[in-house]
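In what follows, a single structure is set out as structure tokens and then discussed.
Structure below.
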């Protein structure tokens, strides 16, 4: 689902909203949506596609998203500057 910048701006004070900036930390440090968390997903790669490797990837991803504040019941918006 997509959200417009206007609608997102109206939701920024919602405590159940997590905004994830997926750009590089360098880009994030030059400016970002207030309250957003930087999580450069493009730098997050996994090459082991065996069943155990995929399980490890899933576990790592859950920890990473939890660290960013994502829990059940939260609305999450990911954004970047790539179209």
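In my numbering, the protein residues as written are 88 to 170.
Where is the CB? At the ideal position from N, CA and C, for every residue including glycine.
Less than 8 Å separating the beta-carbons of residue i and residue j?
i: residue 155; j: residue 126; result: yes
i: residue 167; j: residue 110; result: yes
i: residue 106; j: residue 90; result: no
i: residue 95; j: residue 164; result: yes
i: residue 124; j: residue 114; result: no
Taking DSSP's pairing of strands, which residues face residue i in a bridge?
i: residue 104; result: 162
i: residue 209; result: This structure cannot speak to residue 209, because the chain is shown only from 88 to 170.
Over what stretch of residues does the alpha helix (DSSP H) that includes residue i continue unbroken?
i: residue 115; result: 112-116
i: residue 92; result: 92-98
Of all the options the options, which has the alpha carbon lying nearest to the alpha carbon of residue i?
i: residue 131; options: 116, 122, 149, 117; result: 149
i: residue 159; options: 93, 104, 99, 97; result: 104
Quick one: grab the DSSP three-state call for residue i.
i: residue 155; result: coil
i: residue 129; result: helix
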